[in-house]
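Numbering (the numbering used here), first residue to last: 437 to 595.
Glycine residues also receive a C-beta, built at the ideal position from the N, C-alpha and C atoms.
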Ligand SMILES: CC(C)(COP(=O)(O)OP(=O)(O)OC[C@H]1O[C@@H](n2cnc3c(N)ncnc32)[C@H](O)[C@@H]1OP(=O)(O)O)[C@@H](O)C(=O)NCCC(=O)NCCS
């Protein structure tokens, strides 16, 4: 996916405490149980958190973000989310590339995450970035409708 020729290509920057409400809005649109702005404020204030967001042309409300926790040389991606109107245009790919580069620069050697077995878009995204399945947790994610979904634990080695 190329952003060439677009009027307002996405600009990725570090996320700051003042972005908490914008990130909460995106998160709520992507998950059954959204994290509120206070949870994002708390996470963004934590020195172990590394978070990046995108804005069209670098302005206005965020359209997507990636947020991880880095402890020594192991990172866990806690969430990646893109606003529904900005999906399927390569934005999560752009964010994740940037985010993984920054995690590596900050000393991460391994990156872990968990994703629902039925989340086709996220699985595709992570597989394309080289993540491999290392474990499963049955009936891990409660669903408003239907049975709970299995969590897939994935790992990526950074060099
Ligand atoms: C998962 C999510 C972040 C993907 O964002 P996005 O900006 O649409 O992703 P991209 O456009 O960069 O696409 C990434 C890959 O996934 C594929 N993809 C994206 N949406 C898809 C869908 N609905 N079905 C199948 N494949 C999909 C793309 O084709 C692309 O694969 P490719 O590189 O082989 O072409 C977005 O759907 C989202 O926010 N979902 C809700 C929150 C969520 O589930 N986050 C992940 C939690 S672990």
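Legend entry - Proximity test, residue 551 beta-carbon vs ligand 1 heavy atom, cut-off 7 Å: In the chain shown, counting from the first residue as 1, residue 551 sits at position 115. Flag set: Cβ of residue 551 near ligand 1.
Inset, instruction - Taking the CB atoms as reference points, tell me whether residue 500 and residue 489 lie closer together than 8 Å. - result: To locate residue 500, count along the chain shown from 1; it is residue 64. To locate residue 489, count along the chain shown from 1; it is residue 53. Yes; because the gap between Cβ atoms is below 8 Å, this pair is in contact.
Inset, instruction - Tell me whether residue 567 counts as near ligand 1, meaning its Cβ is closer than 7 Å to at least one heavy atom of that ligand. - result: Taking the first residue of the chain shown as 1, we reach residue 567 at position 131. Residue 567: no, Cβ never under 7 Å from ligand 1.
Inset, instruction - Could you please give the first and the last residue of the uninterrupted alpha helix (DSSP H) stretch that includes residue 585? - result: Reading the chain shown from its first residue, position 149 is the one you call residue 585. Residue 585 -> not in any alpha helix (DSSP H); beta strand (DSSP E) instead, spanning 585–593.
Inset, instruction - Determine the contact status of residue 494 and residue 551, defining contact as a CB-CB distance below 8 Å. - result: Counting from one through the chain shown, the residue named residue 494 turns up at place 58. Counting from one through the chain shown, the residue named residue 551 turns up at place 115. Not closer than 8 Å, so no.
Inset, instruction - State the beta-bridge partners of residue 548 as determined by DSSP. - result: Stepping through the chain shown from its first residue, residue 548 is reached at position 112. The partner list for residue 548 (beta bridge, DSSP) reads 512, 591.
Legend entry - residue 450 (DSSP reduced to helix, strand or coil): Locating residue 450 in the chain shown gives position 14, where the first residue counts as 1. The answer is strand: DSSP assigns residue 450 an E or B state.
Legend entry - Residues that DSSP places opposite residue 507 in a beta bridge: Mapped onto the chain shown, residue 507 falls at position 71. BP columns for residue 507 point to 510.
Legend entry - Sequence-distant residues of its chain with Cβ nearer than 8 Å to residue 543 (five each side left out): Indexing the chain shown from 1 puts residue 543 at position 107. Excluding positions up to five away in sequence, the list reads 506, 508, 509.
Inset, instruction - Tell me, please, which residues DSSP counts as bridged to residue 445. - result: Your numbering for residue 445 matches position 9 in the chain shown. None; residue 445 has no bridge partner.
Inset, instruction - Can you give me the Cβ contacts of residue 538 inside the same chain, cut-off strictly under 8 Å, excluding the 5 residues immediately before and after it? - result: Looking up residue 538 in the chain shown gives position 102. Taken in chain order, the residues that qualify are 486, 488.
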